[in-house]
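The structure appears right after this line, and notes come after that.
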Amino acid sequence: MAVTSGQRRLERRWGILMAVPAILGFVIFTAGPMAASAVFSLTDWQIGGSPSFVGLDNYTALAGDGLFWTSLSATTYYTLGAVPLTMIVSFAVAMLLNQKVRGLAIWRTIFYLPTLVPAIANVVLWIWIFNPDFGLLNSLLRQAGLPGGQWVYDEATAIPSLIVMSTWGFGNTMVIFLAGLQGVPRHLYEAVSIDGGGPWRRFWHVTLPMMTPTIFYNLVVGVVGTSQVFNQAYVMTEGGPNNSTLFYVYYLFRKAFHESEMGYASALAWVLFMIIMVVTFLMFRNARRWVYYEMAGAR
Numbered sequence: 001m002a003v004t005s006g007q008r009r010l011e012r013r014w015g016i017l018m019a020v021p022a023i024l025g026f027v028i029f030t031a032g033p034m035a036a037s038a039v040f041s042l043t044d045w046q047i048g049g050s051p052s053f054v055g056l057d058n059y060t061a062l063a064g065d066g067l068f069w070t071s072l073s074a075t076t077y078y079t080l081g082a083v084p085l086t087m088i089v090s091f092a093v094a095m096l097l098n099q100k101v102r103g104l105a106i107w108r109t110i111f112y113l114p115t116l117v118p119a120i121a122n123v124v125l126w127i128w129i130f131n132p133d134f135g136l137l138n139s140l141l142r143q144a145g146l147p148g149g150q151w152v153y154d155e156a157t158a159i160p161s162l163i164v165m166s167t168w169g170f171g172n173t174m175v176i177f178l179a180g181l182q183g184v185p186r187h188l189y190e191a192v193s194i195d196g197g198g199p200w201r202r203f204w205h206v207t208l209p210m211m212t213p214t215i216f217y218n219l220v221v222g223v224v225g226t227s228q229v230f231n232q233a234y235v236m237t238e239g240g241p242n243n244s245t246l247f248y249v250y251y252l253f254r255k256a257f258h259e260s261e262m263g264y265a266s267a268l269a270w271v272l273f274m275i276i277m278v279v280t281f282l283m284f285r286n287a288r289r290w291v292y293y294e295m296a297g298a299r
């Protein structure tokens, strides 16, 4: 017994020692900056100057900031378009890649490759695709006898164009859907087939219910990710035209590093954090109505 207790103490010490780097990393690079930004959000701090305490003035100023509402609206618009479209495309491709066909590994690699393209390189590629004069998209439309468009250079089509662009990197979502599809029990499909059900009934009564946990996971991750969209506005549009793509995080970045209003930018960051927290909480509450788990009482 004494040997066992000594071994447990030794294992506990080594476990704590191995966890120290992760704990320090969290405290230094996550918890610390979050606490600092919470303090900065209560100050009027210009970079290079000394912060002065202003209480909740930065938060109350947001209500009268037109660009704050513009950025929030643009981000919401993008999220409501990009998340469903990406999930539908990735789910459809995952179902195709779940079939037993020749060269399946090659097809899976091809569809996943765009995800490996660096973010900035991806944006630069789409700048060329969307170019109204010599871009690939307008060239294809002209060859088909259809009129081209201004795409990200037009206020009306800027965000829809970026929503279409968001489907380019659906590889991660597709892989998660594919893993979920491979976990659906085969005997359920066999039971539907024995009862005379076709492909549609197998999808509607087996695939979709069994995939709801995976759908819910991708939904939460997608909403959180698109709420922080930044690269497209930073590299492609700079928030234009006419602030139509002034996404929230880009506006935050502009306030912090272009206008040097670090206190106001910190308040913007905390408002975004609270919005994501509330939206995520509501999604988890609503998930009880439609997400199915095999284990009884797991809902």
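First residue of the sequence shown: 1, per the UniProt record's numbering; consecutive thereafter. C-beta: ideal position from N, C-alpha, C; glycine also.
Given residue i, which residues of its chain have a CB within under 7 Å of its CB, disregarding the five upstream and five downstream residues?
{"i": "residue 108", "result": "97"}
{"i": "residue 279", "result": "223"}
List the whole-angstrom C-beta distance separating residue i from residue j, where the pair is believed to meet the contact cut-off of C-beta under 8 Å.
{"i": "residue 86", "j": "residue 170", "result": "5 Å"}
{"i": "residue 153", "j": "residue 241", "result": "6 Å"}
Please report how far the alpha carbon of residue i lies from the alpha carbon of residue j, in whole angstroms.
{"i": "residue 149", "j": "residue 104", "result": "36 Å"}
{"i": "residue 227", "j": "residue 250", "result": "11 Å"}
{"i": "residue 299", "j": "residue 288", "result": "Only weak support is given to the placement of residue 299: the predicted model assigns it a pLDDT of 45, under 50, and the value that follows is read from those uncertain coordinates. Near 6 Å, if we compare the C-alpha coordinates of residue 288 and residue 299."}
{"i": "residue 224", "j": "residue 21", "result": "27 Å"}
{"i": "residue 212", "j": "residue 55", "result": "44 Å"}
{"i": "residue 146", "j": "residue 93", "result": "28 Å"}
{"i": "residue 166", "j": "residue 126", "result": "10 Å"}
{"i": "residue 5", "j": "residue 24", "result": "28 Å"}
{"i": "residue 206", "j": "residue 290", "result": "14 Å"}
{"i": "residue 208", "j": "residue 202", "result": "9 Å"}
{"i": "residue 136", "j": "residue 245", "result": "22 Å"}
{"i": "residue 189", "j": "residue 78", "result": "37 Å"}
{"i": "residue 116", "j": "residue 64", "result": "41 Å"}
{"i": "residue 219", "j": "residue 106", "result": "27 Å"}
{"i": "residue 182", "j": "residue 30", "result": "36 Å"}
{"i": "residue 71", "j": "residue 255", "result": "12 Å"}
{"i": "residue 88", "j": "residue 204", "result": "15 Å"}
Tell me which residues share the same chain as residue i and place their Cβ nearer than 8 Å to its Cβ, disregarding the 5 neighbours each side in the sequence.
{"i": "residue 124", "result": "235"}
{"i": "residue 84", "result": "none"}
Using the rule of at least 16 other Cβ atoms within 10 Å of the residue's Cβ for burial, across every protein chain shown, is residue i buried or exposed?
{"i": "residue 100", "result": "exposed"}
{"i": "residue 174", "result": "buried"}
{"i": "residue 186", "result": "exposed"}
{"i": "residue 50", "result": "exposed"}
{"i": "residue 128", "result": "exposed"}
{"i": "residue 27", "result": "exposed"}
{"i": "residue 293", "result": "exposed"}
Below 8 Å between beta carbons: does that hold for residue i and residue j?
{"i": "residue 231", "j": "residue 120", "result": "yes"}
{"i": "residue 82", "j": "residue 247", "result": "no"}
{"i": "residue 262", "j": "residue 47", "result": "yes"}
{"i": "residue 68", "j": "residue 62", "result": "yes"}
{"i": "residue 266", "j": "residue 37", "result": "yes"}
{"i": "residue 161", "j": "residue 130", "result": "yes"}
{"i": "residue 168", "j": "residue 114", "result": "yes"}
Short of 6 Å in beta carbon distance, which residues of its chain neighbour residue i, apart from the five on each side in sequence? Order them along the chain.
{"i": "residue 270", "result": "41"}
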